[in-house]
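Residue numbering for the sequence shown follows the UniProt record's numbering, beginning at 1 and increasing consecutively. Glycine residues also receive a C-beta, built at the ideal position from the N, C-alpha and C atoms.
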Amino acid sequence: MRAVLDIIIIILDLYVWLLIASAILSWLIAFNVVNTRNQFVSAVAEFLYRITEPVLAPIRSFMPNLGGLDISPIILILIIMFIQRVIAYYVYPNVI
Numbered sequence: 001m002r003a004v005l006d007i008i009i010i011i012l013d014l015y016v017w018l019l020i021a022s023a024i025l026s027w028l029i030a031f032n033v034v035n036t037r038n039q040f041v042s043a044v045a046e047f048l049y050r051i052t053e054p055v056l057a058p059i060r061s062f063m064p065n066l067g068g069l070d071i072s073p074i075i076l077i078l079i080i081m082f083i084q085r086v087i088a089y090y091v092y093p094n095v096i
């Protein structure tokens, strides 16, 4: 059972890195540093959008409008960190 919890924590860590990559890539696209006409950039952007948007959309729906500032990835990262701490401190020690 501890191996399953370790895998869950690793998946959550990986998802945090995907969120960070998605945010950075969106900034690079917004400031025209990278061009979405490039097939590789387009494929990576589409992958990151499809993997992060289903989780970020509900958070964006209840967040107030902050203009052009999107803090939903930060909120999701904080939620993931909370889940990891709960697993590490409360669930993991009680599993045999």
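Exposure label - Pro58; buried when at least 16 CB within 10 Å: That one is exposed.
Length of the line joining the Cα atoms of Ile79 and Ile7: Going from the Cα of Ile79 to the Cα of Ile7 covers about 18 Å.
First through last residue of the alpha helix (DSSP H) which encompasses Thr52: Unbroken alpha helix (DSSP H) run through Thr52: Gln39 to Phe62.
Extent of the continuous alpha helix (DSSP H) run through Val4: Per DSSP, Val4 belongs to the alpha helix (DSSP H) from Arg2 to Ala30.
Leu66 burial status per 10 Å Cβ neighbour count (16 or more: buried): By the 16-neighbour rule on beta-carbons within 10 angstroms, Leu66 is exposed.
Whole-angstrom distance between Trp27 and Ile83, CA atom to CA atom: So the alpha carbons of these two residues sit roughly 27 Å apart.
Run of the alpha helix (DSSP H) containing Ile83, from where it starts to where it stops: Ser72 to Val86 is the extent of the alpha helix (DSSP H) around Ile83.
Ile20 versus Phe31 - alpha carbon distance: Distance between the alpha carbons of Ile20 and Phe31: 17 Å.
Pick from Asn38, Arg37 and Leu76 that is closest to Leu56, judged by C-alpha positions: Per the Cα distances, Leu76.
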